[in-house]
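Heads up, the thing below is written out as structure tokens.
In full-length UniProt numbering, the protein residues as written are 1 to 91.
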């Protein structure tokens with residue numbers, strides 16, 4: 001099973017797809033403004049999808065507003081407030 005996360009500015013949505021690309025589960029929640037809450041929200045959506053389908057899936061995350069700009073000769077990601085310069089945390 002493949003699990004996709006659409007991390008947007010106002011909502012975060014999960015979709016679980018079966019081996020033939022069929023939709024098995026879909027759900028959305030408001031996107032928090034806090035980094036930790038955003039990561040917890042993503043983990044919660046993945047857990048909901050796995051629980052609803054009874055399967056464990058691989059996860060991909062799409063962040064449409066992710067942009068890279070040159071900063072002092074290096075690429076620096078610019079993303080929405082609350083997520084900039086943070087590393088993924090284990091929850």
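A virtual CB, placed ideally from N, CA and C, is assigned to each residue, including glycine.
Taking 7 Å as the cut-off, is the C-beta of residue i nearer than that to any heavy atom in the ligand FAD?
i: residue 1; result: The model on display carries no ligand, and the ligand FAD is accordingly not part of it.
In this structure, what does DSSP give as the bridge partners for residue i?
i: residue 13; result: 6, 28
i: residue 23; result: 17
Using only CA atoms, which one of the options lies nearest to residue i?
i: residue 49; options: 34, 18, 62, 63; result: 18
i: residue 15; options: 55, 46, 63, 56; result: 46
i: residue 29; options: 35, 36, 5, 52; result: 5
i: residue 56; options: 62, 13, 43; result: 43
Under the three-state reduction of DSSP, which class applies to residue i: helix, strand or coil?
i: residue 61; result: strand
i: residue 33; result: coil
i: residue 56; result: coil
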